[in-house]
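With my numbering applied, the sequence shown corresponds to residues 49 to 349, in that order. Quick reminder that beta carbons are idealized off the backbone N, C-alpha and C, glycines included. Here's the structure we're looking at; comments come further down.
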Amino acid sequence: MYLDFFYLNKEPFSLTPDTHFFLDSGPFKDALETLMVAVSNGEGFIKVTGEVGTGKTLLCRKLLNCVPDDIVTSYIPNPNISSKTLTLALAKELGLKFPASANEYILQQLITEKLIAFYNDNKKVILCIDEAQAMPDKTLEALRLLTNLETEKSKLLQVVLFGQPELDEKLQSRHLRQFRQRVSFSFKLKRLDMPVMIAYITHRLTMAGYTGGELFQLSALNLLHRHSRGIPRLINVIVHKALILCYGKGERQISKAIMKEAIADTEDAYMEKNNSSHFYRLILSSLLLIAVMMLVYRFLL
(Lines of atoms letter the chains of each structure in order from A and count residues from 1; the text may use other names and numbers.)
(Lines give C-alpha, C1' and ligand atoms only; values in the text may rest on other atoms or scores of the structure.)
Protein backbone atom coordinates (compact mmCIF):
# COMPACT_ATOMS: atom_id res chain seq x y z
CA MET A 1 0.00 0.00 0.00
CA TYR A 2 2.61 2.56 1.07
CA LEU A 3 5.78 0.65 0.15
CA ASP A 4 6.43 2.35 -3.19
CA PHE A 5 5.53 5.77 -1.76
CA PHE A 6 8.27 5.49 0.89
CA TYR A 7 10.64 3.47 -1.34
CA LEU A 8 10.46 0.39 0.85
CA ASN A 9 11.11 -3.14 -0.40
CA LYS A 10 9.11 -4.87 2.34
CA GLU A 11 6.69 -4.02 5.14
CA PRO A 12 8.81 -2.82 8.09
CA PHE A 13 6.23 -3.12 10.86
CA SER A 14 4.56 -6.45 10.22
CA LEU A 15 3.43 -8.36 13.32
CA THR A 16 5.05 -11.55 12.00
CA PRO A 17 8.15 -12.32 14.11
CA ASP A 18 10.69 -12.00 11.28
CA THR A 19 14.28 -12.45 12.51
CA HIS A 20 15.44 -10.23 9.63
CA PHE A 21 14.24 -7.31 11.76
CA PHE A 22 15.82 -8.47 15.03
CA LEU A 23 17.48 -5.49 16.75
CA ASP A 24 20.84 -6.54 18.15
CA SER A 25 20.95 -3.90 20.87
CA GLY A 26 19.16 -2.88 24.06
CA PRO A 27 17.09 -5.50 25.89
CA PHE A 28 17.00 -7.78 22.83
CA LYS A 29 20.80 -8.04 22.69
CA ASP A 30 21.00 -8.57 26.46
CA ALA A 31 18.40 -11.34 26.28
CA LEU A 32 20.06 -13.12 23.36
CA GLU A 33 23.51 -12.96 24.97
CA THR A 34 22.08 -14.35 28.22
CA LEU A 35 20.44 -17.21 26.31
CA MET A 36 23.62 -18.04 24.40
CA VAL A 37 25.64 -18.15 27.63
CA ALA A 38 22.99 -20.26 29.35
CA VAL A 39 22.76 -22.70 26.43
CA SER A 40 26.52 -23.12 26.33
CA ASN A 41 26.44 -23.79 30.09
CA GLY A 42 24.04 -26.66 29.45
CA GLU A 43 22.39 -26.96 32.86
CA GLY A 44 18.76 -26.90 33.95
CA PHE A 45 15.92 -24.82 32.60
CA ILE A 46 16.23 -21.34 31.11
CA LYS A 47 13.27 -18.99 31.53
CA VAL A 48 12.48 -15.82 29.58
CA THR A 49 9.39 -13.84 30.55
CA GLY A 50 7.84 -10.64 29.29
CA GLU A 51 4.54 -8.88 28.83
CA VAL A 52 2.42 -9.57 25.76
CA GLY A 53 4.04 -8.02 22.69
CA THR A 54 7.55 -7.52 24.08
CA GLY A 55 9.22 -9.80 21.51
CA LYS A 56 9.49 -13.25 23.12
CA THR A 57 8.59 -15.22 20.00
CA LEU A 58 11.00 -13.21 17.85
CA LEU A 59 13.75 -13.81 20.41
CA CYS A 60 12.93 -17.51 20.45
CA ARG A 61 13.21 -17.77 16.67
CA LYS A 62 16.43 -15.75 16.68
CA LEU A 63 17.93 -18.16 19.21
CA LEU A 64 16.90 -21.16 17.09
CA ASN A 65 18.55 -19.56 14.06
CA CYS A 66 21.86 -18.56 15.59
CA VAL A 67 22.95 -21.45 17.82
CA PRO A 68 26.14 -23.21 16.67
CA ASP A 69 26.08 -26.37 14.55
CA ASP A 70 26.81 -28.65 17.51
CA ILE A 71 23.40 -27.80 19.05
CA VAL A 72 20.28 -29.61 17.90
CA THR A 73 17.14 -27.51 18.30
CA SER A 74 13.50 -28.46 18.76
CA TYR A 75 10.52 -26.15 19.10
CA ILE A 76 6.99 -26.39 20.52
CA PRO A 77 4.88 -23.26 19.86
CA ASN A 78 1.72 -24.30 21.69
CA PRO A 79 2.36 -26.16 24.97
CA ASN A 80 -1.26 -26.33 26.14
CA ILE A 81 -1.09 -30.09 25.68
CA SER A 82 -1.10 -33.29 27.70
CA SER A 83 2.11 -34.96 28.89
CA LYS A 84 1.76 -37.67 26.24
CA THR A 85 1.28 -35.11 23.48
CA LEU A 86 4.38 -33.29 24.74
CA THR A 87 6.38 -36.51 24.51
CA LEU A 88 4.96 -37.16 21.05
CA ALA A 89 5.81 -33.63 19.89
CA LEU A 90 9.39 -33.88 21.16
CA ALA A 91 9.83 -37.26 19.46
CA LYS A 92 8.70 -35.76 16.15
CA GLU A 93 10.94 -32.71 16.59
CA LEU A 94 13.91 -35.05 17.08
CA GLY A 95 13.04 -36.82 13.82
CA LEU A 96 12.09 -40.14 15.39
CA LYS A 97 10.09 -42.77 13.52
CA PHE A 98 7.59 -44.75 15.57
CA PRO A 99 4.32 -46.65 15.12
CA ALA A 100 1.04 -44.82 15.71
CA SER A 101 0.29 -47.28 18.52
CA ALA A 102 3.43 -46.33 20.49
CA ASN A 103 2.61 -45.48 24.12
CA GLU A 104 4.29 -42.85 26.25
CA TYR A 105 6.79 -45.31 27.74
CA ILE A 106 7.99 -46.43 24.30
CA LEU A 107 8.26 -42.81 23.14
CA GLN A 108 10.38 -41.93 26.18
CA GLN A 109 12.68 -44.88 25.49
CA LEU A 110 13.11 -43.78 21.87
CA ILE A 111 13.79 -40.19 22.95
CA THR A 112 16.39 -41.36 25.47
CA GLU A 113 18.19 -43.44 22.84
CA LYS A 114 18.16 -40.51 20.41
CA LEU A 115 19.49 -38.08 23.01
CA ILE A 116 22.30 -40.49 23.91
CA ALA A 117 23.16 -40.79 20.20
CA PHE A 118 23.38 -37.00 19.93
CA TYR A 119 25.55 -36.89 23.04
CA ASN A 120 27.92 -39.48 21.59
CA ASP A 121 28.20 -37.26 18.51
CA ASN A 122 29.17 -34.34 20.79
CA LYS A 123 25.90 -32.53 20.18
CA LYS A 124 23.65 -30.79 22.67
CA VAL A 125 19.87 -30.76 22.38
CA ILE A 126 17.71 -27.82 23.41
CA LEU A 127 13.92 -27.67 23.44
CA CYS A 128 12.37 -24.20 23.10
CA ILE A 129 8.79 -23.81 24.30
CA ASP A 130 6.82 -20.67 23.49
CA GLU A 131 3.82 -19.44 25.51
CA ALA A 132 4.97 -21.67 28.37
CA GLN A 133 2.52 -20.07 30.83
CA ALA A 134 -0.22 -22.10 29.09
CA MET A 135 1.39 -25.44 29.89
CA PRO A 136 -0.72 -27.56 32.31
CA ASP A 137 0.92 -28.46 35.62
CA LYS A 138 1.02 -32.19 34.79
CA THR A 139 2.75 -31.44 31.50
CA LEU A 140 5.29 -29.26 33.31
CA GLU A 141 6.03 -32.15 35.63
CA ALA A 142 6.42 -34.52 32.67
CA LEU A 143 8.83 -32.01 31.13
CA ARG A 144 10.85 -31.91 34.35
CA LEU A 145 11.13 -35.70 34.33
CA LEU A 146 12.34 -35.64 30.73
CA THR A 147 15.20 -33.37 31.78
CA ASN A 148 16.26 -35.96 34.35
CA LEU A 149 17.92 -37.78 31.45
CA GLU A 150 21.64 -37.26 31.94
CA THR A 151 25.08 -38.77 31.82
CA GLU A 152 27.61 -38.54 34.64
CA LYS A 153 28.76 -35.21 33.24
CA SER A 154 25.83 -33.39 31.67
CA LYS A 155 22.13 -33.20 30.90
CA LEU A 156 20.93 -34.78 27.68
CA LEU A 157 18.15 -32.24 27.18
CA GLN A 158 18.05 -28.55 27.99
CA VAL A 159 14.78 -26.56 27.96
CA VAL A 160 14.23 -22.87 27.24
CA LEU A 161 10.84 -21.53 28.35
CA PHE A 162 9.36 -18.34 26.88
CA GLY A 163 6.27 -17.07 28.66
CA GLN A 164 4.21 -14.21 29.98
CA PRO A 165 4.54 -13.06 33.63
CA GLU A 166 1.87 -15.64 34.53
CA LEU A 167 4.59 -18.26 34.11
CA ASP A 168 6.45 -16.82 37.11
CA GLU A 169 3.22 -16.88 39.12
CA LYS A 170 2.56 -20.49 38.13
CA LEU A 171 6.04 -21.60 39.17
CA GLN A 172 5.53 -20.11 42.63
CA SER A 173 3.04 -22.89 43.39
CA ARG A 174 4.25 -25.25 46.08
CA HIS A 175 3.60 -28.37 44.00
CA LEU A 176 5.92 -27.00 41.29
CA ARG A 177 8.81 -26.18 43.62
CA GLN A 178 10.96 -28.98 42.20
CA PHE A 179 10.49 -27.52 38.73
CA ARG A 180 11.23 -24.01 40.01
CA GLN A 181 14.51 -25.20 41.55
CA ARG A 182 15.65 -26.46 38.14
CA VAL A 183 15.54 -22.97 36.60
CA SER A 184 19.19 -21.96 36.43
CA PHE A 185 18.89 -18.83 34.26
CA SER A 186 16.07 -16.26 34.12
CA PHE A 187 15.64 -13.14 32.03
CA LYS A 188 12.79 -10.63 31.92
CA LEU A 189 12.21 -8.69 28.70
CA LYS A 190 11.65 -5.03 29.50
CA ARG A 191 9.71 -2.42 27.59
CA LEU A 192 11.70 -0.13 25.32
CA ASP A 193 12.80 3.25 26.61
CA MET A 194 12.70 6.22 24.26
CA PRO A 195 16.24 5.91 22.78
CA VAL A 196 15.85 2.17 22.20
CA MET A 197 12.41 2.69 20.65
CA ILE A 198 13.88 5.16 18.18
CA ALA A 199 16.71 2.72 17.40
CA TYR A 200 14.11 -0.05 16.99
CA ILE A 201 12.04 1.97 14.50
CA THR A 202 15.12 3.19 12.59
CA HIS A 203 16.49 -0.35 12.35
CA ARG A 204 13.26 -1.78 10.97
CA LEU A 205 12.95 1.00 8.39
CA THR A 206 16.57 0.54 7.31
CA MET A 207 16.16 -3.22 6.97
CA ALA A 208 13.07 -2.55 4.84
CA GLY A 209 15.11 -0.37 2.50
CA TYR A 210 14.24 3.13 3.68
CA THR A 211 16.86 5.72 2.70
CA GLY A 212 14.87 8.96 2.97
CA GLY A 213 15.09 11.77 5.49
CA GLU A 214 13.63 12.05 8.98
CA LEU A 215 10.33 10.19 8.78
CA PHE A 216 9.00 11.23 12.22
CA GLN A 217 8.66 14.53 13.97
CA LEU A 218 10.10 14.32 17.49
CA SER A 219 6.72 15.25 18.96
CA ALA A 220 5.20 12.27 17.09
CA LEU A 221 7.79 9.93 18.54
CA ASN A 222 7.15 11.25 22.06
CA LEU A 223 3.45 10.62 21.59
CA LEU A 224 4.12 7.14 20.21
CA HIS A 225 6.29 6.16 23.17
CA ARG A 226 3.77 7.41 25.70
CA HIS A 227 0.82 5.53 24.19
CA SER A 228 2.66 2.35 23.17
CA ARG A 229 4.33 2.16 26.60
CA GLY A 230 7.45 0.87 24.84
CA ILE A 231 5.81 -2.41 23.79
CA PRO A 232 7.18 -3.46 20.38
CA ARG A 233 3.94 -4.99 19.11
CA LEU A 234 1.96 -1.82 19.85
CA ILE A 235 4.72 0.27 18.29
CA ASN A 236 4.43 -1.82 15.12
CA VAL A 237 0.64 -1.51 14.99
CA ILE A 238 0.60 2.25 15.55
CA VAL A 239 3.47 3.08 13.17
CA HIS A 240 1.95 0.89 10.45
CA LYS A 241 -1.30 2.85 10.72
CA ALA A 242 0.61 6.15 10.79
CA LEU A 243 2.39 5.21 7.55
CA ILE A 244 -0.94 4.40 5.92
CA LEU A 245 -2.37 7.76 7.03
CA CYS A 246 0.76 9.59 5.90
CA TYR A 247 0.53 7.93 2.48
CA GLY A 248 -3.19 8.72 2.22
CA LYS A 249 -2.50 12.40 2.88
CA GLY A 250 0.44 12.46 0.45
CA GLU A 251 2.85 13.58 3.17
CA ARG A 252 6.46 12.46 3.58
CA GLN A 253 6.77 12.90 7.33
CA ILE A 254 4.66 11.60 10.20
CA SER A 255 3.53 14.59 12.21
CA LYS A 256 2.13 14.67 15.72
CA ALA A 257 -1.37 15.06 14.26
CA ILE A 258 -0.98 11.94 12.09
CA MET A 259 0.44 9.96 15.01
CA LYS A 260 -2.44 11.07 17.21
CA GLU A 261 -4.90 9.87 14.57
CA ALA A 262 -3.14 6.49 14.31
CA ILE A 263 -3.16 6.09 18.08
CA ALA A 264 -6.85 6.98 18.32
CA ASP A 265 -7.69 4.39 15.67
CA THR A 266 -5.66 1.74 17.52
CA GLU A 267 -7.24 2.54 20.87
CA ASP A 268 -10.74 2.54 19.35
CA ALA A 269 -10.12 -0.93 17.90
CA TYR A 270 -8.79 -2.13 21.25
CA MET A 271 -11.81 -0.78 23.10
CA GLU A 272 -14.20 -2.34 20.56
CA LYS A 273 -12.53 -5.71 21.04
CA ASN A 274 -12.66 -5.40 24.83
CA ASN A 275 -16.31 -4.30 24.77
CA SER A 276 -17.18 -7.26 22.55
CA SER A 277 -15.46 -9.66 24.96
CA HIS A 278 -17.21 -7.99 27.90
CA PHE A 279 -20.57 -8.38 26.12
CA TYR A 280 -20.08 -12.13 25.65
CA ARG A 281 -18.96 -12.51 29.26
CA LEU A 282 -22.16 -10.79 30.40
CA ILE A 283 -24.27 -13.16 28.28
CA LEU A 284 -22.47 -16.19 29.72
CA SER A 285 -22.85 -14.91 33.28
CA SER A 286 -26.57 -14.30 32.70
CA LEU A 287 -27.09 -17.81 31.34
CA LEU A 288 -25.27 -19.32 34.31
CA LEU A 289 -27.38 -17.26 36.72
CA ILE A 290 -30.59 -18.41 35.02
CA ALA A 291 -29.47 -22.04 35.22
CA VAL A 292 -28.70 -21.72 38.94
CA MET A 293 -32.08 -20.07 39.60
CA MET A 294 -33.87 -22.88 37.74
CA LEU A 295 -32.05 -25.50 39.83
CA VAL A 296 -32.95 -23.68 43.05
CA TYR A 297 -36.57 -23.37 41.92
CA ARG A 298 -36.79 -27.12 41.20
CA PHE A 299 -35.20 -27.92 44.54
CA LEU A 300 -37.74 -25.76 46.40
CA LEU A 301 -40.61 -27.47 44.59
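Open item on the list: Among Phe76, Ser202 and Lys162, whose alpha-carbon lies nearest the alpha-carbon of Ala247?
Closed with: Cα-wise, what sits closest to Ala247 is Phe76.
Open item on the list: Please state the DSSP three-state secondary structure of Gly350.
Closed with: As displayed, the chain neither begins before 49 nor continues past 349, which places residue 350 out of reach and without an answer.
Task: Helix, strand or coil at Ile292 [DSSP, three-state] - done: Three-state result, Ile292: helix.
TODO: Check whether the Cβ atoms of Ile46 and Pro127 lie closer than 8 Å to each other.
DONE: For the chain, the structure presents residues 49 to 349; residue 46 sits outside this window and is missing.
- [ ] Output the distance between the C-alpha atoms of Gly278 and Leu193, rounded to the nearest integer angstrom.
- [x] About 38 Å.
- [ ] Spatial neighbours of Tyr55 within its chain, please: CB distance less than 6 Å, with the 5 preceding and 5 following residues excluded, ordered by chain position.
- [x] Excluding the 5 residues flanking it on each side, Tyr55 has no same chain C-beta neighbour closer than 6 Å.
Task: Assumed close pair Ser303, Phe93 - CB separation to whole angstroms, cut-off 8 Å - done: Between Ser303 and Phe93 the beta-carbon gap is near 48 Å, outside 8 Å, which marks them as no contact.
Open item on the list: Here's the rule: buried if 16 or more other CB atoms are within 10 angstroms of the residue's CB, otherwise exposed. What is Lys297?
Closed with: Exposed is the call here.
Task: Neighbourhood of Val120 by C-beta, 8 Å cutoff - its chain only, sequence neighbours within 5 removed - done: Same-chain partners within the cutoff: Leu142, Phe166, Lys171, Lys172, Val173 and Ile174.
TODO: Report back the beta-carbon spacing between Met242 and His288 to the nearest angstrom; my notes put them in contact at under 8 Å.
DONE: 20 Å between Cβ atoms; not a contact.
- [ ] Using three-state DSSP, classify Ile174 as helix, strand or coil.
- [x] Strand.
Open item on the list: I'd like to confirm the pairing. Which residues does DSSP put opposite Phe210 in its beta bridges?
Closed with: Val96.
Open item on the list: Can you look up Lys304 in the DSSP assignment and give me helix, strand or coil?
Closed with: If DSSP states are grouped into helix, strand and coil, Lys304 belongs with the helices.
- [ ] With DSSP collapsed to three states, give me the class of Phe233.
- [x] Under the three-state reduction of DSSP, Phe233 is assigned to strand.
- [ ] Compare the Cα-Cα distances from Gln206 to each of Ala86, Ala79 and Tyr50 and report the closest residue.
- [x] Nearest of Ala86, Ala79 and Tyr50 to Gln206, Cα basis: Ala86.
TODO: Could you check what DSSP says for Thr314 in three-state terms: helix, strand or coil?
DONE: In the structure shown, the three-state DSSP call for Thr314 is helix.
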